[in-house]
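Residue numbers (our numbering): 132 to 431. Beta carbons: idealized from backbone N, C-alpha and C, even for Gly. Have a look at the structure below, then the notes.
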């Protein structure tokens, strides 16, 4: 059987397949469906310094080949995460990644300070959520603003730092370069694509915030292109996500240079899809005579 171990940022992952933030909670519900220790890692629900109730009104809207969400970073806050959720996540015997968002620079820094003193293996800095009225994607559209917040966070962070980028950035390559220059240890992309939906009977937008975030297989070609561009622009590892539904999709992201990948929306369609994907990648490597993903990573 092929060896899927992947070492990056000084951390050894069993395989490059991670559960994406916002689609896996803190892992507890999925752990009742399959052994989630098979995963390379789990990204926590998006965290903010203080608890958030999330957005009002409709939060999910299914589209052909996609899903639009307006959750609004509903979460229990960093303190409750550390006290109640993190111990359970650590019992899953896989790499734990805390996804941290914020409304202000001060919130990011205080959140980092609290997470520094935990067993979290890695921090994914979310500067790309489109579903909050302040902060979130506001830090991830313009490169100079992203550079400023990533620089300050990195100086105060004692964990490896992965910065999650928005496809809505003005220039995705320039954004990645700015984050690398600011000290990011790796980049993950893409978060959801800004979108909207209309309720024609009510004659108004579906979401209270009008715009929300589109994910699912319809965004994969966009994600693949952006990962390809970013890999060629920076010298730090890149984690690819966006519409991954199969082992073939994972192989495509690896071939354009991704070191890690994340599974998101497909978890909602088939909760144990990670099992199929990990097995499928391994089978592809065996059939093709590939001993290590390094042999095909970035060949395109």
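*Can you grab the Cα-Cα spacing for the pair residue 425 / residue 149, in whole Å?*
18 Å
*What is the DSSP secondary structure of residue 433, counted as helix, strand or coil?*
Shown here, the chain extends from 132 to 431; a query on residue 433 therefore has no answer.
*Just mark residue 242 as buried or exposed, buried being the case when its beta carbon has 16 or more other beta carbons within 10 Å.*
buried
_So the candidates are 360, 324, 222 and 157; which of them puts its Cα closest to the Cα of residue 209?_
Checked all of 360, 324, 222 and 157; the closest Cα to residue 209 is 157.
*If you draw a straight line from the C-alpha of residue 141 to the C-alpha of residue 218, how long is it?*
22 Å
_What does the alpha-carbon distance come out to for the pair residue 211 and residue 182?_
8 Å
*With DSSP collapsed to three states, give me the class of residue 288.*
coil
*Tell me the start and end of each unbroken alpha helix (DSSP H) in the region 180-251 that is at least 4 residues and wholly inside, in chain order.*
217-221 and 236-247
*Look up residue 145 in the DSSP assignment and say whether it is helix, strand or coil.*
In the structure shown, residue 145 sits in coil (DSSP, three-state: anything other than H, G, I, E or B).
*Going by Cα to Cα distance, which pick from 245, 259 and 306 is closest to residue 275?*
306
*Can you pull the DSSP bridge partners for residue 137?*
Note: residue 137 sits in a beta bridge opposite 144.
*For residue 285 and residue 199, the rounded distance between their alpha carbons*: Straight-line spacing of the CA atoms in residue 199 and residue 285 works out to 31 Å.
_Close beta carbons around residue 228, own chain, < 6 Å, minus the five adjacent residues each side_ = A distance below 6 Å between beta-carbons, with the five flanking residues on each side excluded, links residue 228 to the following residues of its chain, in chain order: 172, 174, 253 and 255.
_If contact is defined by three or more beta carbon pairs under 8 Å, each pair taking one atom from either stretch, is the region 331-342 in contact with the region 372-382?_
no
_If we require 3 or more residues per run, which beta strand (DSSP E) segments fall completely within the region 342-394?_
Listed in chain order, they are 343-346, 369-372 and 391-394.
*Environment of residue 422 [buried if 16+ CB atoms lie within 10 Å]*: exposed
*Skipping 5 residues on each side, what residues in its chain have a beta carbon closer than 8 Å to that of residue 386?*
427, 428, 429, 430 and 431
_Please return the same chain residues whose Cβ sits closer than 7 Å to the Cβ of residue 397, not counting the five positions on each side in sequence._
375, 376 and 404
*Does the beta-carbon of residue 186 have 16 or more other beta-carbons within 10 angstroms, so that it is buried, or is it exposed?*
buried
*For the 8 Å Cβ check, are there 3 or more pairs between the region 308-321 and the region 285-296?*
Using a C-beta cut-off of 8 Å, the region 308-321 makes contact with the region 285-296, since at least three inter-stretch Cβ pairs fall below that distance.
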